[in-house]
Structure formats: C-alpha cells, structure tokens
Amino acid sequence: MSLFRNAAFFKSAAELEHVPASAGEIAFAGRSNSGKSSAINALAGRRIAFVSKTPGRTRLINFYALGAQRFLADLPGYGYAKVPEAIRTPWEKLLGAYLQMRAPLRGLAVVMDVRHPLTELDRRLLAWFRPTGKPVHILLTKADKLSRAAAQKVLRRVEGEIAALGPNISVQLFSSLKNSGLEEAAAVLGTWLDASAPAPCSAGDENPRHDQGSGNKNPRAIRGNQPGAKCLKV
Ligand SMILES: Nc1nc2c(ncn2[C@@H]2O[C@H](COP(=O)(O)OP(=O)(O)OP(=O)(O)O)[C@@H](O)[C@H]2O)c(=O)[nH]1
Ligand SMILES: [Mg+2]
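For the sequence shown, the working numbering begins at 2 and goes up steadily by one.
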C-alpha cells in the first residue's frame, strides 16, 4: 500500500523556525473547512489529523511523518472571515512564507469543496504559488455531496480552467467520506515524493544531493536539505 499509510503525527509549527528538517514534503492548502485534514486522514487510512466542525481551527502547520525524513504538511485554512485580525495576520504570514520559501516542498495539494471550486482566494493562491515552478494537484473533495454526473461536470469545468494556467497542474474528484479518489491522489503525490526519495549513501558519503527540481532559487530558502538530510544509510 502507499507510503501515506505510514503517516504519523510529527509536530506542529507556529513559526518557520520550528519546521522539521525534511528531505521532501507535500503541503495541503485550501479554504477553511474544505477538507484538508480529512483528506490526510483518508490517505493515512486512519485518523491522525484533527477534523473540526468549527472552521478555521488549524492555525499551525501540522507535520505528519512518512518515514525517511519525508512529510505531509497540513496548512492553516484561509478565507474564514470570523477569525480576528490579530490572529489572522501572523497566520497568513506563516502560510505565505512557508509556501514561497520552503525548499523541501515538492508540490502543493489544493483542497477545494467540489461545490465551490476555484474561489477567488483559491485562484489567488494558485497565481501566487505558480512562480515557484512546483506542481499543484487539486482535490475536489466532498464529491459524495454531488451526483456522479454533477461531480463529473465540475471536474470537466475545472480541468478546462486549469489548462489555461499552464503545465504541472492537475485535478481529480475526491471524497474522504467514501474513500474515493484515494488511489489516484496517492499516485500523484507519491510520485512527487518518490522524486525526492533519499539516495542511498555510499561509504563515507555524507554529501546530500542538491535540491533538484524544486524550482526554488530563493537564497533565503528555509530549513531542509541540510547536510545529511537526503543521504539515507541503508
Ligand atoms: N461529506 C463529506 N464531508 C467531508 C469530506 N471531507 C471533509 N468533510 C467534512 O468537512 C468538515 C471540515 O473538514 P476538515 O478536514 O476539518 O477541513 P479542513 O480543511 O482541515 O478545515 P480547517 O482545518 O478548519 O481549515 C468536517 O465536518 C468533515 O467531516 C468529504 O469528503 N465528504
Ligand atoms: Mg484542518
């Protein structure tokens, strides 16, 4: 079964200084209440991420370890108007800095409620993340809330809209409730992580591979890929 079945809670980070050293990770972003944590639980096959009836509860980045220094990161949801400004500002800063500067980030899973895809905030996130050059996979979740035909119609519409956004962006239907779309999601996200799998070390080789293909040229790129981070003794 997929490597996501090994996922286990690792830590929460309220600031970038607290993110773990990582050899590769995938972040889940999306509006509050869109189903990010539920999608992580569905991929893990058990409840490891906190699912809330109250939108906007996750204000930290929650990291789930997959082994071999690879992680899933559950990001704070955006677009929940009732969050007070005093909380919202540092939270949005954390999200922005993480997405733009996290070198080990291999790609972004953007979770959208199939009934409200590509909202203004989702489009802003996409427009803003695209320059990193990293791939995006959209999960149109809560697909169980629509008939099969209606869900397919939304899928086709979103496919059409993202085609205009350029390469490296894909979309699928998903339901955490019905566990549908799991294999497709695991295959896409797994490929991103496989591309960053730690290379076996030869004797005396503590020299990690460079951060290839992430597209992140930012010299302020935050933790990860430190010496030793990608070189796994087997
Ligand atoms: N029917 C249905 N409900 C879902 C699905 N995924 C999530 N939900 C429900 O939607 C609500 C929000 O789910 P979460 O996974 O907590 O959403 P989130 O995006 O992590 O929310 P925040 O952490 O607040 O940003 C919960 O009541 C879930 O049970 C799904 O595929 N189908
Ligand atoms: Mg959540």
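Here a beta-carbon is modelled for each residue, glycine too, at the ideal position from N, C-alpha and C.
With respect to 7 Å, is the separation between the Cβ of residue i and the closest non-hydrogen atom of ligand 1 below this value?
i: Asp-123; result: no
i: Ser-148; result: no
i: Gly-108; result: no
i: Val-112; result: yes
i: Asn-63; result: no
Drop a sphere of 10 angstroms on the beta-carbon of residue i, count the other beta-carbons inside from all chains shown, and report buried for 16 or more, exposed for fewer.
i: Gly-167; result: exposed
i: Lys-143; result: buried
i: Glu-207; result: Low confidence applies to Glu-207: its pLDDT is 36, below 50, so where it sits in the model is not reliable, and the reading given next is rough at best. Label assigned to Glu-207: exposed.
i: Gln-153; result: exposed
i: Asp-195; result: exposed
i: Glu-26; result: buried
i: Arg-149; result: exposed
i: Trp-129; result: exposed
i: Arg-107; result: buried
i: Val-22; result: Going by the sequence as given, residue 22 is Ala instead of Val. So Ala-22 counts as exposed.
i: Thr-192; result: exposed
i: Ala-45; result: buried
i: Arg-6; result: exposed
i: Val-235; result: Low per-residue confidence applies at Val-235: pLDDT is 22, beneath 50, and the placement is therefore not dependable, though the value from the model is reported in the following sentence. So Val-235 ends up on the exposed side.
Just checking residue i against ligand 2 - is the residue's beta carbon closer than 7 Å to any of the ligand's heavy atoms?
i: Ser-176; result: no
i: Ser-13; result: no
i: Asp-195; result: no
i: Ser-53; result: yes
i: Ser-23; result: no
i: Gly-78; result: yes
For residue i, collect the residues of the same chain with a Cβ closer than 6 Å to its Cβ; drop the 5 residues on either side in sequence, then sort them by chain order.
i: Ala-9; result: Ala-66
i: Trp-92; result: Arg-60, Pro-77
i: Ser-13; result: Leu-61, Asn-63
Looking only at its chain, what residues have a beta carbon closer than 8 Å to the beta carbon of residue i, apart from the 5 residues adjacent to it on each side?
i: Glu-160; result: Val-172
Skipping 5 residues on each side, what residues in its chain have a beta carbon closer than 7 Å to that of residue i?
i: Gly-205; result: In this prediction, Gly-205 scores a pLDDT of 39, lower than 50, which makes its location untrustworthy; the coordinate-derived value is nonetheless stated afterwards. The answer is none, since no qualifying residue turns up.
i: Ser-177; result: Gly-36, Ser-39, Ala-40, Asn-42, Ala-43, Thr-142
i: Phe-11; result: Pro-21, Phe-64, Tyr-65, Ala-66, Phe-72
i: Lys-179; result: Asp-145
**OP:** Run through the region 108 to 175 for me and flag every whole beta strand (DSSP E) of 3 or more residues, listed as ranges in chain order.
**Re:** 137 to 142, 170 to 174
Original post:
What are the start and end residues of each continuous beta strand (DSSP E) run of 3 or more residues lying completely inside the region 8 to 33, in chain order?
Top reply: 9 to 14, 25 to 31
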